[in-house]
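First up is the structure itself, then whatever we jot down about it.
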Amino acid sequence: MNLVRAIALVCVLSLPGCATLDPDYEQPTVMLSSFRALPAEGMLPNFEIGLRILNPNAQALNLDGIVYTISLDGYELVKGVGKDFPVIEGYSEEAVTLTASANLLAGMRFVSSMMQSQGGAFEYEFKAKLDLSGLYPSIRIRETGNINLDGSNTPR
């Protein structure tokens, strides 16, 4: 019986938290805006990843952190985290820049696979999870497409 009371108490105490959520809250939009190579430090190449985050809500958007992965043909070449981002005011957008290093072993496997298949194209995937302050759910994005070595790239 104590378990039932404990569950009921948790439910009652969590109701005010749900009531503070705005019913008109719209999930922010995240777009991959750039990806470029940086000078290498040691043996690992570094990359700069640009994101554009649009906040369609009246309240400011506070980012606690970002977790992201970049894969080519299923090989996770870049995986990283970021924090200390600017507050994105209501009805505005902000550019966010992440810096990452490549996974050397995955990169070698990818190059080996490309040489064996001698294909002119490969699939890319960018995944990210943005953790927000407060009671708002995390934002998860996934962008995929094909990169053709002949120059005709197709996002999905």
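Following the working numbering, the numbering of the sequence shown begins with -15 at its first residue and continues without gaps. Even for Gly, the Cβ is constructed at its ideal location relative to N, Cα and C.
According to DSSP, is residue i part of a helix, a strand, or is it coil?
i, result
"Glu127", "strand"
"Asn132", "strand"
"Ala84", "strand"
"Val95", "helix"
"Ser101", "helix"
"Leu45", "strand"
"Gly61", "Going by the sequence as given, residue 61 is Leu instead of Gly. Here Leu61 sits in strand by DSSP."
"Leu89", "helix"
"Tyr120", "coil"
Going by DSSP, name the residue or residues bridged to residue i.
i, result
"Leu26", "In the sequence as displayed, the identity of residue 26 is Gly instead of Leu. Bridge partners of Gly26: none, in fact."
"Ser76", "Asn39"
"Tyr9", "Tyr9 pairs with nothing; no bridge assigned."
With a Cβ-Cβ cutoff of 9 Å, do residue i and residue j count as a contact?
i, j, result
"Arg93", "Lys111", "no"
"Arg20", "Glu10", "no"
"Thr81", "Leu35", "yes"
"Pro12", "Leu45", "yes"
Since residue i and residue j are thought to touch, with beta carbons under 8 Å apart, how far apart are those beta carbons, to the nearest angstrom?
i, j, result
"Leu114", "Leu22", "Between Leu22 and Leu114 the Cβ distance is about 22 Å, and since that is not below 8 Å, they are no contact."
"Ile37", "Glu78", "5 Å"
"Ile54", "Gly66", "Actually they are not in contact, since the Cβ atoms of Ile54 and Gly66 sit about 13 Å apart, beyond 8 Å."
Is it the case that the CB of residue i approaches a heavy atom of the ligand ATP more closely than 8 Å?
i, result
"Ala90", "For the ligand ATP, the structure offers nothing, since it holds no ligand at all."
Given 8 Å, three or more beta-carbon pairs between the region 98 to 109 and the region 64 to 76 = no
inquiry  = Count Cβ pairs between the region 50 to 70 and the region 80 to 89 that sit closer than 8 Å; are there 3 or more?
reply    = yes
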